[in-house]
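Student: Chains as they are written, first to last, in the numbering used here: chain C, 2 to 232; chain Y, 2 to 232.
The C-beta atom is built at its ideal place from N, Cα and C for all residues, glycine as well.
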């Protein structure tokens, strides 16, 4: 089987992302320490984010709104102007942080683009994802950019269909079992899981056992060699 | 010249939008009345939105964040838990409000789709725009959906190029002079301006004078007849 399309996640696959969200979250935990234990605040924030997900979707703006909501819940009448200012500033910093590519990403993308056209498949705030891609300088390496509200089986099915390929001619690689791997496999593609430290609980899911089209690799740099074994 | 593609804006072209933003803004003005005149608050909110636009982009989540920021600025140390709760709730209501189609939209889209394929071109929060389109029941009438972070000349150029048509084979119709009409005209397409009451100041711009490919019409229902005069 020849691979005709290589789909890549962006956040925490090409560049650092969770470390920025986690640092922002840590600042919130600190700020709310007078009102709640770190574990309690973390738990409340996750509950709040999960509750808001159907309305806010993924991304830094919804995360900022959920941080504010959590602060309101926990600080109650002690909520202050400076707390809200601090959260708004943290949210803006999250949207504005410089893009830090993983080591060797450019070389790997060059090797991959010798095998097949590359498509970026990412979720989050539309403008934020566009801005990060522009700042990364990697835009020209991709023949397609898909910024989607969520990655589901149908997202991959319609992507493969628009590129006029069979699912088994496509590879998807990314750091989220839930969003990158499981739906791509279910759509019929090959999938390479590249786990990262500090993954968001929401994205964690059980790995498929003994699946012919699935692999787990240590870094994106290992992807070209794995694809070579498919061909 | 045969028209081969009809591009349509969504918010305030197919369905009501500004009335929901305006009602939310009015609630904020009321809430902040103890701290500032309505005109002052409105002015501060617009300044805040404009300042945040490069980072937040368009849409209800950024608007909610800007409302919170304005409340912090104007209420100062009098900022209360219930004010922030109120703004968060208003923001969620804005994201969840039912879609109200303009009169006769379905019939007009049917007439238009007899002329050429229809493409929806809209900006705002990705998930929110998808949700509104799904709720509208109009999705199947469009052969393409473009949710973009901003509508610029290049947005239209690349859209026409992907549909393999010349710009002068395309029509764009919408309620924003700045986002729908001027960039489409500059890209070489025909453009029909359908102004709505209560437009956001940011979207207002001067109409082109004496432009052969431009018209202003009263309602979307007038669009098929204008396109007939082009053919």
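Can you pull the chain C residues whose beta carbon is under 7 Å from the beta carbon of residue 93/Y, in chain order?
Tutor: For the purposes of this step, residue 93/Y is taken as residue 92 along the second chain, with counting starting at 1. Chain C residues near residue 93/Y: 56.
Student: Based on Cα-Cα distance, which residue from 83/Y, 133/Y, 206/Y and 113/Y lies nearest to residue 96/Y?
Tutor: Counted from its first residue, the second chain places residue 96/Y at position 95. Measuring C-alpha to C-alpha distances from residue 96/Y to each of 83/Y, 133/Y, 206/Y and 113/Y identifies 133/Y as the nearest.
Student: Run through DSSP, which three-state label would residue 73/Y get?
Tutor: Position 72 of the second chain, counting from 1, holds the residue named residue 73/Y. Three-state DSSP puts residue 73/Y in a helix.
Student: At the level of alpha carbons, what is the spacing between residue 35/C and residue 22/C?
Tutor: Translated into the one-based positions of the first chain, residue 35/C becomes position 34. Translated into the one-based positions of the first chain, residue 22/C becomes position 21. Between residue 35/C and residue 22/C, the C-alpha separation is close to 22 Å.
Student: Count the other CB atoms within 10 Å of the CB of residue 38/C; is the residue buried (16 or more) or exposed (fewer)?
Tutor: Start at 1 with the first residue of the first chain, and residue 38/C comes out as number 37. So residue 38/C counts as exposed.
Student: Between which two residues does the beta strand (DSSP E) carrying residue 101/Y extend?
Tutor: To locate residue 101/Y, count along the second chain from 1; it is residue 100. No beta strand (DSSP E) contains residue 101/Y, which DSSP labels as neither H nor E.
Student: Would residue 183/Y and residue 8/Y be called neighbours here (beta carbons separated by less than 9 Å)?
Tutor: Translated into the one-based positions of the second chain, residue 183/Y becomes position 182. Translated into the one-based positions of the second chain, residue 8/Y becomes position 7. No, they are not a contact pair.
Student: Run the CB neighbour count on residue 48/C, radius 10 Å, all protein chains shown included, and call it buried at 16 or more, exposed below.
Tutor: Position 47 of the first chain, counted from the first residue, corresponds to residue 48/C. Exposed, by the Cβ-count rule.
Student: Between the segment 217-227 of chain C and the segment 111-121 of chain C, can you find at least three pairs of beta-carbon atoms closer than 8 Å?
Tutor: yes
Student: Report back the beta-carbon spacing between residue 62/Y and residue 66/C to the nearest angstrom; my notes put them in contact at under 8 Å.
Tutor: Position 61 of the second chain, counted from the start, is the residue given in the question as residue 62/Y. Position 65 of the first chain, counted from the start, is the residue given in the question as residue 66/C. With 8 Å as the limit, residue 62/Y and residue 66/C qualify as a contact, their Cβ atoms being about 6 Å apart.
Student: Within its chain, find whatever has a CB closer than 8 Å to the CB of residue 92/C; leave out the 5 residues flanking it on each side and keep chain order.
Tutor: Position 91 of the first chain holds residue 92/C. The answer, listed in chain order, is 25, 61, 62, 64, 65 and 68.
Student: Residues of the segment 44-72 of chain C with a CB closer than 7 Å to any CB of chain Y: list them in chain order, please.
Tutor: Per Cβ criterion, the list reads 56, 57, 58, 62, 63, 65, 66, 69 and 70.
Student: Given 8 Å as the limit, is there contact between the segment 75-82 of chain C and the segment 70-88 of chain Y, that is, 3 or more CB pairs closer than that?
Tutor: yes
Student: In three-state DSSP terms, what is residue 153/Y?
Tutor: Residue 153/Y sits at position 152 when you count from the first residue of the second chain. Three-state DSSP puts residue 153/Y in coil, outside helix and strand.
Student: Among 51/C, 105/C, 141/C and 168/C, whose alpha-carbon lies nearest the alpha-carbon of residue 14/C?
Tutor: The residue given as residue 14/C occupies position 13 in the first chain. Looking at the Cα atoms, 105/C is the closest of the given residues.
Student: Round the Cβ separation of residue 72/Y and residue 33/Y to the nearest angstrom and send it over; I've been treating them as touching at under 8 Å.
Tutor: Looking up residue 72/Y in the second chain gives position 71. Looking up residue 33/Y in the second chain gives position 32. Right, the Cβ-Cβ distance comes to about 6 Å (below 8 Å), so this counts as a contact.
Student: Taking the straight line between their C-alpha atoms, what separation do you get for residue 175/C and residue 141/C?
Tutor: On the first chain, position 174 is the one that residue 175/C refers to. On the first chain, position 140 is the one that residue 141/C refers to. Taking the straight line joining both Cα atoms gives about 20 Å.
Student: Counting only the same chain and skipping the five closest in sequence on each side, list residues whose C-beta sits under 6 Å from that of residue 210/Y.
Tutor: On the second chain, residue 210/Y is found 209 positions in, with the first residue counted as 1. Closer than 6 Å at the Cβ level, and outside the excluded window around residue 210/Y, lies no residue.
Student: Which of the three DSSP states, helix, strand or coil, is assigned to residue 145/C?
Tutor: One-based indexing of the first chain puts residue 145/C at position 144. In this structure, residue 145/C counts as strand in the three-state DSSP scheme.
Student: Give me the residue from 3/Y, 98/Y, 28/Y and 155/Y with the minimum Cα distance to residue 186/Y.
Tutor: By 1-based counting over the second chain, the position of residue 186/Y is 185. It is 155/Y whose Cα lies nearest to the Cα of residue 186/Y.
Student: Note the first and the last residue of the continuous alpha helix (DSSP H) segment covering residue 124/Y.
Tutor: For the purposes of this step, residue 124/Y is taken as residue 123 along the second chain, with counting starting at 1. Segment 119-124 is the beta strand (DSSP E) holding residue 124/Y; no alpha helix (DSSP H) there.
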